[in-house]
Every structure is written in C-alpha cells, then in structure tokens.
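Below: the structure, in structure tokens.
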Amino acid sequence: MKSIINSNSDFSIVQEEEFSISNRALLELLQETLSKGYSLRLRVRGFSMFPCIRDNDIVTVSPLNGCTSYLGLAVAFIHPHTTKLVIHRVIEQHEDIAIIKGDSVFCIDGLIPLKNILGAVTKLERNNKPMRFGMGIGRTVALFFNKTNVFSVLFYAGMRFSRVIRQAINLSSLHE
Amino acid sequence: MTSIEKDTKIISSMELKVDLNSVYLPVRDLIAKDIQGELIIIPIASGLGDLESEIFRLNETGRAIWDKFDGKRTLKEIAKDLSLDFKGCPEDIEKDITEITEELLKRRMLIEVNNKL
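Residue numbers (the numbering used here), protein chains in the order written: chain U, 105 to 280; chain Y, 2 to 118.
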C-alpha cells in the first residue's frame, strides 16, 4: 500500500498495490461497475472452476447487455443463500431461474434467480498471459464436461493421486 | 530534450497547476463507491475497471473533500465549508485541498470545469 498524500495530512488518498477486499465489498464494486455498463478485471480465488479458471487467475467480468441465453457461460452471481459473490457456470436455464454449478464440483449451487446473475466472464489471464476462454464452441465443450462431472472426477482423482504420492514420500523419508 | 518531451512536460505541469479559484469536478469514467466508511475509487479506461492495477481508497476526511467537488464551488469555497465542518485553520485546509486536488488531477480523476474569478 502506497500513501500518496503525506501522512501528516488529515486528508489522505491511498493507492492500493495489493488490494485486499472482502467478498461483500467486491460484490458491491462489481454491481456498481456492471450497472454503469463497464467491465471489471479482478483476481479469483479457489478451485471450483478448475481447470477452466484456476486459483489466482484474473478474469474480466462484463455486463450481459441484453443477452438472454446464459447456458454454458461462466457467470458472476449472488448466491441466494450465502449472499456471496460466486463465479460458476450456468448448466441449465429456465424461465426465470438458472441451475449453476462449478466445473470441478459435484453439487449444484441451487436454483438461482436470473436477477442474481450480474455478469459473465469474457476474458481470462493466467501468469500475466491472456488465455483462450470458451465463449464459442469452447463454451459448449465446457458445459458438457461440467454436466457430466468429467472435470470433477479428474479434479478429485488428481487430488487423491497427489495425496497418495505425498504420503508415499513422507513414508519413505520416515524409513530413511 | 525533444520537442515532444518538452510539450509533454509543459502539458503535465499545466495540468497539475491547482488554482484555489477554480472549480473541479470528478470525471465521469470512474466508479466511486462507499464501502465500510471509505470511498473506493476505480478509474475506468476503455470501459474497463481494473482491481488489479488501479484502485484508490479515500479515508473519511478525504471523502469529505471529494463529495464537495460538485463542479460549482471553487476550492476556496470548499475550504471555507470544510473549515466549518472540521473546525480547522482555513490555511491548513486550503493546503490539504490543494495537495489532494493535485493528486487527483495527476491521476485524471478530476477535471477543471472553469475559472470562476
């Protein structure tokens, strides 16, 4: 964090270099930005959208601008139970609700009212490089893998495999 | 120094000159949101706000100044208003306002509307 105005002053403006922000504050900023028709670039945390979106990736969330079909889109929405901001994929859409689920999780987020969907992920960056993010055919492929739990199975198999390997390494180091 | 560098230097020094008799207004392309008593400002460039590179936080008193940039009052008038609110010495407040205005102008978050006097 860098202070711009000298600290002796009562009036201060501070530029955040590593901005730490609560989920609630992030939600408010995203709502405000999207409601004015702008997009917001932000860092995401967590593994629930693995492998499409990974921990520490930077996504750009854009307003939906009259888009009526959200199917297959990775959307930013307010979870009705937790009131938290979540980015997951729409796997089914009905008249005024959507069924949303993370790519690497087995459970759905529930029935989410369409009004809770704020915007969609339109760009993805990983390690300072822009990544291809499924908006065309990739959107359909990601939707298929999400619905068939292929990503979830691979993710949990990978986690389990790495745990077994770690345990084996720990055991062998104990024997030495 | 090339002529372009010279021109840029002249323009930037002109932009940063703060006049207490001038009127300033926040630019339209930014998001200013009150979060937990502080004002968070995200500049917008090409329709995009960027939480990863440019985000500013104004404390309560900084916010009090920000709220008074209404495009109608001069900095001097704002300082007078604030000296009543904060019971401070008007000269000190004018100095603080000049500093913060300079910083906000430098970051293109404010524009000068006109010269009132």
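Cβ atoms here follow ideal geometry from the backbone N, Cα and C, with glycine treated the same way.
Quick caveat, the model's predicted, so the values are computed rather than measured.
Look up residue i in the DSSP assignment and say whether it is helix, strand or coil.
i                 : result
VAL245 of chain U : helix
SER23 of chain Y  : strand
GLU55 of chain Y  : coil
ILE12 of chain Y  : At ILE12 of chain Y the pLDDT is 44, less than 50, meaning the model places this residue with poor confidence; the figure from the coordinates comes in the next sentence. Note: ILE12 of chain Y maps to helix in three-state DSSP.
GLY199 of chain U : Rather than Gly, the amino acid found at residue 199 of chain U in this sequence is Glu. Of the three classes helix, strand and coil, the one that applies to GLU199 of chain U here is coil, per DSSP.
GLY38 of chain Y  : coil
ILE273 of chain U : helix
SER152 of chain U : coil
THR1 of chain Y   : The question about residue 1 of chain Y has no answer, for chain Y in this structure spans 2 to 118.
Buried or exposed: which applies to residue i, given that a residue is buried once 16 or more other Cβ atoms fall within 10 Å of its Cβ?
i                 : result
GLU6 of chain Y   : Residue placement at GLU6 of chain Y cannot be trusted, given a pLDDT of 49 that sits under 50; what the coordinates show is reported in the next sentence. Looking at its Cβ environment, which holds fewer than 16 other Cβ atoms inside 10 Å, GLU6 of chain Y is exposed.
ARG58 of chain Y  : buried
CYS156 of chain U : buried
PHE181 of chain U : buried
Just to confirm, is the Cβ distance from residue i to residue j under 8 Å?
i                 : j                 : result
ASN160 of chain U : ASP207 of chain U : no
VAL194 of chain U : ILE204 of chain U : yes
PRO44 of chain Y  : LEU52 of chain Y  : no
VAL179 of chain U : ALA224 of chain U : yes
SER144 of chain U : LEU247 of chain U : For the record, residue 144 of chain U in the displayed sequence is Leu; it is not Ser. In this structure, LEU247 of chain U does not lie closer than 8 Å to LEU144 of chain U by Cβ.
ILE66 of chain Y  : ILE101 of chain Y : yes
CA-CA distance, residue i and residue j?
i                 : j                 : result
VAL24 of chain Y  : ILE112 of chain Y : 9 Å
PRO91 of chain Y  : SER84 of chain Y  : 6 Å
GLY89 of chain Y  : PRO217 of chain U : 51 Å
ASP71 of chain Y  : GLU78 of chain Y  : 11 Å
PHE210 of chain U : TYR260 of chain U : 10 Å
LEU40 of chain Y  : VAL257 of chain U : 44 Å
ARG282 of chain U : LYS34 of chain Y  : Here chain U has residues from 105 to 280 only, and residue 282 of chain U is not among them.
Report the partner residues of residue i according to the DSSP bridge assignment.
i                 : result
HIS192 of chain U : U:VAL179
MET110 of chain Y : Beta-bridge pairing links MET110 of chain Y to no other residue.
PRO44 of chain Y  : Y:LEU31
LEU228 of chain U : U:VAL163 and U:MET235
Would you say the beta carbon of residue i comes nearer than 7 Å to a heavy atom of the ligand SAH?
i                 : result
ASN274 of chain U : The ligand content of the structure shown is nil, which means the ligand SAH is not present either.
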